[in-house]
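Below: the structure, in structure tokens.
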Amino acid sequence: MYVLGIPVKNEICVPSSEAEKFAKVFVNNGKIEKIEYVDNRDDLVGTVHFFITPKEEYVFDFLEMGAEPLMTPVPEMSINDIVEAFLFRELYSYGSV
């Protein structure tokens, strides 16, 4: 199982500074098992395997806790689109951009 952290506004991935809430998406065997929402970005640190954003932002706190930061290939993606892109390895590593 993987846990993805995603800043969201209207169920679309946005930069953390614009997020209304933060989704913890539990992906198991290629499917979304459940989604939990937290109000604060800091609540994701240490609890997710990947932190996904539409553009680069400060992510060292996630790196220090062992989470890999990833970026979406297009600016506006839904949670379902992000999970699909994650499963097909279509998200970008921060170092590859």
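Letter 37 of the sequence shown, counting from 1, is numbered 157 in this note's numbering, and no numbers are missing. By construction, the Cβ of each residue, glycine as well, lies at the ideal position given by its N, Cα and C atoms.
Residue state for V194 is assigned as coil, using DSSP reduced to three classes. Going by beta carbons, I199 and V128 fall inside the 8 angstroms limit. Taking the CA atoms as reference points, P193 sits about 18 angstroms from V179. Under the 8 angstroms Cβ criterion, the region 158-174 counts as touching the region 123-141, having at least three qualifying pairs. DSSP lists M191 as the beta-bridge partner residues of T173. At the C-beta level, V147 and E153 come within 8 angstroms of one another. When only Cα atoms are considered, S213 and M191 end up about 6 angstroms apart.
Contact check for S136 against E188 fails: the beta carbons are separated by 8 angstroms or more. Between M185 and C133, the C-beta spacing is not below 8 angstroms.
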